[in-house]
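As structure tokens, the structure follows; a few thoughts come after it.
2 protein chains.
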Amino acid sequence: MSDELVSFYKALADPNRLKIVGLLAGHAYSVEELAALLKLKPSTISHHLAKLTQVGLVSAKTESYYNVYRLEEKALEEKTRRLLSREDFSTAIADVDLDTYDRKVITDYTRKDGSLKTIPAQRKKLEAILRYVVKAFEPGKRYSEKKVNEILSGYHEDTASLRRELVGFGLMNREGGGGDYWRE
Amino acid sequence: MSDELVSFYKALADPNRLKIVGLLAGHAYSVEELAALLKLKPSTISHHLAKLTQVGLVSAKTESYYNVYRLEEKALEEKTRRLLSREDFSTAIADVDLDTYDRKVITDYTRKDGSLKTIPAQRKKLEAILRYVVKAFEPGKRYSEKKVNEILSGYHEDTASLRRELVGFGLMNREGGGGDYWRE
DNA sequence: AATCTAATTTGATATATATCGAATTAGATT
DNA sequence: AATCTAATTCGATATATATCAAATTAGATT
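Dropping the structure here:
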């Protein structure tokens, strides 16, 4: 859930809430005092304090008539420390499918039978297509050039280009002159 | 200006922008790739990248057809470090007038001539009024009880209460039994 | 020069939210 | 118990902004 992380930043993404945090860093204040200091209505201050409370940045203590809020120093420190270590950003991409780009390119360039409509001219797209084509070869196994061409012909008639690019991008290897090909 | 600080948090206060930062922490991506990964339109990605660029979190480099964005590691680190040290929060309250609360209470409780309509019953308000009244005394100078009453009578007829509260809150001092009063 | 392609900008729209005033609630004081 | 006070909640409104589609721009390739 990166929701928690987003909420944390949202809580601080408002000038008046930043001022509240800054004031509470000095000492505790009641809602009424904060309202006077920031020239806002108590209901608005309540709204802001609710958001800050939600992410654990402040907490309230009832004191006679007043609700006195104070800064949760340790929570603030722990959050900023995690920010610094950057571990939070990795959790943010937990649900991102990293193969989406390749898949989109493959959809654009292949027919229902899996063969290529054309060979992409652009580097990034060509790379995505080659990563797709190379899966037809078994890792570690050695193939003769003739066998390579036979397999590639299932994708596109220009087998020479495909073969050359596969080697050029390091997806396939070739031994010496005229030797076998293999995928690592 | 806390505007810069607010912008920084706003830049991170969106789930998709957090994902972009997380992805760029891995390696650089083009707008098109990010659009495919996050399943958003390129124009939306541009919008987000503009915000991130504005606060210096990412930067772009044109590469053939593509605009490749990368994370500005040092900027991120410097910002989070300042955040941790908390110096930014003090700057956020630079333009907050810390006496606003007292002034509000004073306006509510005084007449045009500066005298008190009533003596506040609530602690916080009483304190604000006493801070106001005590200014009538010169710091360091010693006053007899009679002189103190004379000065306080300009504020309220119940000079005994005012005198007692001033001492109670530590705003005035009294020496021994029946001695002089002074403000530090 | 002419043409492509990705990126950006612009305009429109829908959602989120900061603010206030009014009504309500929770607690304390009398 | 009755009353008072600060805080919160609710309803309404105005502003901000995330998103997309369409138009434009900037660069590279031919």
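The listed protein sequences correspond, in order, to chains A and B.
Going by this note's numbering, -6 is the number at position 1 of the first sequence; the sequence numbering is gapless.
Going by this note's numbering, 29 is the number at position 36 of the second sequence; the sequence numbering is gapless.
For glycine and all other residues, C-beta sits at the position ideal for the given N, C-alpha and C.
Cα-Cα separation between residue i and residue j, rounded to whole angstroms
i       : j        : result
L30(B)  : L5(B)    : 18 Å
H41(B)  : S(-5)(A) : 17 Å
E150(B) : F130(B)  : 18 Å
E177(B) : S137(B)  : 15 Å
I122(A) : K72(B)   : 40 Å
A53(B)  : D7(B)    : 20 Å
V89(B)  : L76(B)   : 20 Å
P46(A)  : Y174(B)  : Residue identity check: residue 46(A) is Thr in the sequence provided, not Pro. Roughly 45 Å separates the two Cα atoms.
A179(B) : K32(A)   : Chain B is shown only over -6 to 177; residue 179(B) falls outside these bounds and no answer can be derived.
D81(B)  : F1(B)    : 11 Å
L27(B)  : L(-2)(A) : 21 Å
T37(B)  : L11(B)   : 14 Å
S154(B) : K34(A)   : 32 Å
Y94(A)  : E66(B)   : 25 Å
G49(A)  : A68(A)   : 7 Å
Residue-level contact to chain B via CB, residue i, 8 Å cutoff
i       : result
Y125(A) : no
R157(A) : no
L33(A)  : no
For residue i, the nearest candidate out of the options (CA to CA)
i       : options                         : result
E25(B)  : N60(B), K117(B), L76(B), N9(B)  : N60(B)
I101(B) : K118(B), L42(B), K3(B)          : According to the sequence shown, residue 101(B) is Asp rather than Ile. The candidate whose alpha carbon is nearest that of D101(B) is K118(B).
R79(A)  : R79(B), S83(B), L33(B), R74(B)  : R74(B)
Y58(B)  : A28(B), S23(B), A68(B)          : S23(B)
F162(A) : A18(A), T152(A), R116(A)        : R116(A)
K44(B)  : G147(B), H20(B), V14(B), E56(B) : V14(B)
Bridge-paired residues (DSSP) for residue i
i       : result
E56(B)  : Y59(B)
S198(A) : The requested residue 198(A) does not occur in the structure, where chain A is confined to residues -6 to 177.
T103(B) : L109(B)
is_contact[residue i, chain A] using C-beta, thresh 8 Å
i       : result
F193(B) : Residue coverage of chain B in this structure runs from -6 to 177, which leaves residue 193(B) outside it and unanswerable.
T73(B)  : yes
L164(B) : no
T55(B)  : no
V89(B)  : yes
T46(B)  : no
S36(B)  : no
Mind checking the stretch 0 to 17 of chain B against chain A and listing, in chain order, the residues whose C-beta falls within less than 8 Å of any C-beta there? Of all residues in the stretch 0 to 17 of chain B, the ones placed with a Cβ closer than 8 Å to any Cβ belonging to chain A are Y2, K3, L5, A6, D7, P8, L11, K12, V14, G15, L16, in chain order.
Return the residues of the stretch 97 to 117 of chain B that lie within a Cβ-Cβ distance of less than 9 Å from chain A, sorted by chain order. In summary, the residues of the stretch 97 to 117 of chain B whose CB is separated from some CB of chain A by less than 9 Å are K97, V98, Q115, R116, K117, in the order they occur in the chain.
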